[in-house]
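Undergrad:
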Amino acid sequence: MKRILVTGGAGFIGSHLCKRLLDEGNEVICLDNYFTGSKENIIPLMDNPYFELIRHDVTIPFMIEVDEIYNLACPASPVHYQYNSIKTIKTSVMGAINMLGLAKRVKAKVLQASTSEVYGDPEIHPQPESYWGNVNPIGPRSCYDEGKRCAETLFMDYHHQNNVDVKIVRIFNTYGPNMNPDDGRVVSNFIMQALKGEDITIFGDGHQTRSFQYVDDLVEGMMRLMSTENFTGPVNIGNQNEFTMLELAEVILELTGSSSKLVFRDLPRDDPKQRQPDTSLAKKHLDGWEPKIELREGLAHTIAYFEKHLQGKNGYRRT
Ligand code: NAD
Ligand code: UDP
401 MKRILVTGGA GFIGSHLCKR LLDEGNEVIC LDNYFTGSKE NIIPLMDNPY
451 FELIRHDVTI PFMIEVDEIY NLACPASPVH YQYNSIKTIK TSVMGAINML
501 GLAKRVKAKV LQASTSEVYG DPEIHPQPES YWGNVNPIGP RSCYDEGKRC
551 AETLFMDYHH QNNVDVKIVR IFNTYGPNMN PDDGRVVSNF IMQALKGEDI
601 TIFGDGHQTR SFQYVDDLVE GMMRLMSTEN FTGPVNIGNQ NEFTMLELAE
651 VILELTGSSS KLVFRDLPRD DPKQRQPDTS LAKKHLDGWE PKIELREGLA
701 HTIAYFEKHL QGKNGYRRT
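Position 165, counted from 1, in the sequence shown is what this note's numbering calls 565; the numbers after and before it change by one each time, with no gaps.
(1) Would you say the beta carbon of Lys548 is closer than 8 Å to some non-hydrogen atom of ligand 1?
(2) Determine the burial state of Asp565: buried for a count of at least 16 other Cβ atoms within 10 Å of its Cβ, exposed for fewer.
(3) Verify whether the separation of the beta carbon atoms of Asn641 and Ser680 is less than 9 Å.
(4) Residues bridged to Phe664 by DSSP?
(5) Are the CB atoms of Gln527 and Gln608 within a distance shorter than 9 Å?
(6) Can you name, in chain order, every residue of its own chain whose Cβ lies under 6 Å from the Cβ of Phe664, other than the five neighbours on each side?
(7) Measuring alpha carbon to alpha carbon, tell me which of Lys419, Leu405 and Ala476 ends up nearest Met463.
(8) Excluding the five sequence neighbours on either side, which residues of its own chain have a C-beta within less than 6 Å of the C-beta of Asp457, listed in chain order?
(9) Quick check on the DSSP output: what are the complete alpha helix (DSSP H) runs of length 4 or more inside the stretch 633-679, in order along the chain?
(10) Check Gln711 in the structure and name its three-state DSSP category.
(11) If we call anything under 9 Å between Cβ atoms a contact, is Gly414 one with Val493?
(12) Please classify Ala700 as buried or exposed, where buried requires at least 16 other C-beta atoms within 10 Å of its C-beta.
(13) Can you tell me whether Glu468 is buried or exposed, with buried defined as 16 or more other CB within 10 angstroms of its CB?
(14) Would Asn562 count as contacting chain B if we go by Cβ distances under 9 Å?
(15) For Val493, name the three-state secondary structure that DSSP assigns.
(16) If I measure Cβ to Cβ from Ile454 and keep anything under 6 Å in the same chain, skipping five residues before and after, which residues do I get?
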């Protein structure tokens, strides 16, 4: 049995990761400040005696004896990470320093949840890990993009200078149950709007693209990365099937049977025009990893989750 720390464990991805790690017989310590996460996401895990929950902010050092650290703490939705941009960059940079310092001291493996946003508004398509990106360093998305880029630098520097066993995963747009319904990201927005019969808000002309992966595929990829020997990444984990926001809206309308209308809103500044992962490195180094759950299937699970939420049947989740 390994003892594993998951920062940001009460968030959307973190809660799925904690569950998988417990299911595989590990002891899990979830650390979160509940900025965007919620206790409701992890209440189903609380009965497990090998699960521990700690309210803590990663910008403050934290001491514990663990074998592995998954560093996920950071708001991920543009609405939330721009709410307090200074705090966002502190979370990425100081959180990375604190988790790397801890990993160095207790000789733990440490995995950083990085992002496709390190590629910015990419000029190369699809994006391989060798692409250095096209990021505006002073725009509204910079606190997140540059914070994550700096965290990657810190991870590689601790690896080279202090021999820390690091792993970096570049996560592409991920969706699934436990997303915060008020998160502001496109999948949760469109599903909630469709279910409530409200207008579907398309930003810009809706021709910008994203490649959406279901959370279970990501968790599998992250755990495979953690178990690798002599491989640090960065490695892209994402689904290669690319959709315009108009296509996404159409599928969601069809699956929900909703008659919501599409309305067009201004495109946020620096919104990337396209995004698709090149996943050949993941396939090569992560034991043939590839996504298994396609959009319609993943959306059906997610819609069912949000339906329950609206009916007040998601356990303790409050609106
Ligand atoms: P989320 O907002 O649901 O989860 C983030 C969690 O971190 C929340 O529980 C939040 O309360 C916690 N947190 C934030 N700041 C903290 C701090 N200072 N100290 C302690 N905890 C803090 O988002 P998510 O989608 O689950 O994302 C998890 C990670 O994956 C993030 O690092 C994000 O950047 C990365 N990522 C996510 C996506 C995606 O599509 N979901 C894509 C790329 C990268
Ligand atoms: N988007 C949209 N309507 C919404 C929310 C988002 O059209 O209600 C668009 C947004 O402009 C972007 C895409 O959907 O082009 C994905 O946005 P999200 O915030 O989910 O993720 P990110 O931009 O970080 O990939």
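Note that the Cβ used here is the ideal one computed from N, Cα and C, for glycine as well.
TA: Reading off the structure:
(1) Relative to ligand 1, the nearest heavy atom lies less than 8 Å away from the CB of Lys548.
(2) So Asp565 ends up on the buried side.
(3) Their beta carbons are not under 9 Å apart, which means Asn641 does not touch Ser680 by this criterion.
(4) Paired residue(s): Ile602.
(5) At a Cβ-Cβ threshold of 9 Å, Gln608 and Gln527 do not count as neighbours.
(6) Residues of the same chain with a CB within less than 6 Å of the CB of Phe664, apart from the 5 flanking positions on each side, are Ile602 in chain order.
(7) Checking every option, the nearest Cα to that of Met463 belongs to Leu405.
(8) Hits under 6 Å: Asn433.
(9) Every unbroken stretch of the alpha helix (DSSP H) spanning 4 or more residues and falling wholly within the stretch 633-679 is given here in chain order: 645-656.
(10) Note: Gln711 maps to coil in three-state DSSP.
(11) Contact check for Gly414 against Val493 fails: the beta carbons are separated by 9 Å or more.
(12) Classified as exposed, Ala700 has fewer than 16 neighbouring CB atoms from the shown chains inside 10 Å of its CB.
(13) Buried, by the Cβ-count rule.
(14) Of the chains in the structure shown, none is chain B; there is only one protein chain.
(15) Helix.
(16) Counting only Cβ-Cβ distances below 6 Å, and skipping sequence neighbours, we find Leu431.
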